[in-house]
């Protein structure tokens, strides 16, 4: 006689326990994998943003046939490397017993200070206290750069025996070197408005068509500036007219475009210490712990005015791990490399020690 098959009304206890165990194992694997995946995604996204910004600047230089670039702004984080049991990352030179600090949009958890100084890295200075501090240069923001037209107009002459200070007489045009950003009486400059001045320290003066560039190192007032090196001879007012020569030009350095800075994703940095550690020095401009690196492309697309002889500019993008913020290789770091001769911008994974991290960058 045929007996119809009947389905069970439920599961046995053993079956339920097996399913629960499988779910627990999968959940554990997911929890272990997700933080690393999130960190890797952040680093890749940060490198992609930086690479894209550099390529945009290069294309602008090719299109406009003029200098265009990117300014990467960094700050000096203070890192304690000894004695033990002190927090490693800090936002000042003084010891602060914190469990964690928020620094420049980065969250660094207290780390036992048992980390060695990076290879080949010499700290900028050793403080007098018992802890050893190094300045760890990290960047999280950047701006686009654009070079304005040359500055001309008025009549120029030297006003000091050393020929290092010059004055521009604009006559009835009432022009000035700072684009009107000063107090009229007396003509006092406002350093807070430096980026708005028509002429800024860092620009270059050429006189009488010699081709020799003299860097402007400071503005005395809206009509007077100081240069280095000094002129080889004085430019005196014409004995008949009593005025100087109009045969000069000020070649203005690239300026940031707009006031707003663009940021990398949260908890990611460009680590400039790697450039010291692995033999890729960069011409960093540092003033009072805050500085920048300018990567400027010329009309041909090549990188111009770097001041160092290495063929590449390497920018090490990473997400510092709370358990070892000084470990360059922690997580999934990416090197954004600019080839100075061609202007090509690529992204590469660093080679692991003992090889040079730049081994695969060709």
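Numbering (our numbering), first residue to last: 9 to 370. Each residue gets a CB set at the ideal place from its N, CA and C atoms; glycine is no exception.
Name the two residues that bound the continuous alpha helix (DSSP H) containing residue i.
{"i": "residue 256", "result": "From DSSP, residue 256 is part of no alpha helix (DSSP H) but of the beta strand (DSSP E) over 256-259."}
Output needed for residue i: all residues of its chain with C-beta closer than 7 angstroms, excluding positions within five of it in sequence on either side, in chain order.
{"i": "residue 277", "result": "114, 146, 147, 148, 326, 328"}
{"i": "residue 206", "result": "159, 185, 186, 187"}
{"i": "residue 368", "result": "356, 359"}
{"i": "residue 133", "result": "Note that residue 133 has pLDDT 41, beneath the 50 cutoff, so the model's placement of it is unreliable and no number is given."}
By Cβ distance, which residues of its chain are closer than 6 angstroms to residue i, with the 5 residues on each side in sequence left out?
{"i": "residue 288", "result": "318, 322"}
{"i": "residue 257", "result": "158, 160, 214"}
{"i": "residue 20", "result": "none"}
{"i": "residue 212", "result": "221, 223, 259"}
{"i": "residue 255", "result": "216"}
{"i": "residue 365", "result": "286, 358, 359"}
{"i": "residue 74", "result": "155"}
Beta strand (DSSP E) containing residue i: first to last residue?
{"i": "residue 288", "result": "Counting along the chain, residue 288 falls outside any beta strand (DSSP E), and DSSP gives it neither H nor E."}
{"i": "residue 342", "result": "342-347"}
{"i": "residue 355", "result": "353-356"}
{"i": "residue 359", "result": "Premise fails: residue 359 is in no beta strand (DSSP E) and is neither H nor E."}
{"i": "residue 275", "result": "Per DSSP, residue 275 belongs to no beta strand (DSSP E) and is neither H nor E."}
May I ask you to list the residues that DSSP assigns as paired with residue i?
{"i": "residue 166", "result": "174"}
{"i": "residue 154", "result": "76, 263"}
{"i": "residue 223", "result": "212, 236"}
{"i": "residue 324", "result": "343"}
{"i": "residue 366", "result": "Partner(s): none; residue 366 has no beta bridge."}
Of the residues the options, which one's Cα is nearest the Cα of residue i?
{"i": "residue 8", "options": "337, 212, 272, 370", "result": "Outside the displayed span of the chain (9 to 370) sits residue 8, for which this structure offers no information."}
{"i": "residue 80", "options": "220, 255, 290, 231", "result": "290"}
{"i": "residue 203", "options": "27, 268, 64, 368", "result": "268"}
{"i": "residue 58", "options": "335, 324, 349", "result": "324"}
{"i": "residue 349", "options": "311, 197, 178, 200", "result": "311"}
{"i": "residue 227", "options": "82, 284, 210", "result": "210"}
{"i": "residue 78", "options": "201, 176, 302, 370", "result": "302"}
For residue i and residue j, which I take to be in contact (beta-carbon distance under 8 angstroms), what is that distance rounded to the nearest angstrom?
{"i": "residue 262", "j": "residue 170", "result": "Wrong, their Cβ atoms sit about 29 angstroms apart, outside the cutoff."}
{"i": "residue 307", "j": "residue 61", "result": "That belief does not hold up - the Cβ atoms of residue 307 and residue 61 are roughly 19 angstroms apart, past 8 angstroms."}
{"i": "residue 282", "j": "residue 232", "result": "About 42 angstroms; that fails the 8 angstroms criterion."}
{"i": "residue 243", "j": "residue 168", "result": "The pair is not a contact, with the Cβ atoms about 11 angstroms apart (cut-off 8 angstroms)."}
{"i": "residue 151", "j": "residue 270", "result": "7 angstroms"}
CB-CB under 8 angstroms to residue i, same chain, minus the five flanking residues each way: which ones, in chain order?
{"i": "residue 385", "result": "This structure cannot speak to residue 385, because the chain is shown only from 9 to 370."}
Looking at the ligand GTP, does it come within less than 8 angstroms of residue i, judged from the CB to the closest heavy atom?
{"i": "residue 270", "result": "As far as ligands go, the structure on display features none, and thus does not contain the ligand GTP."}
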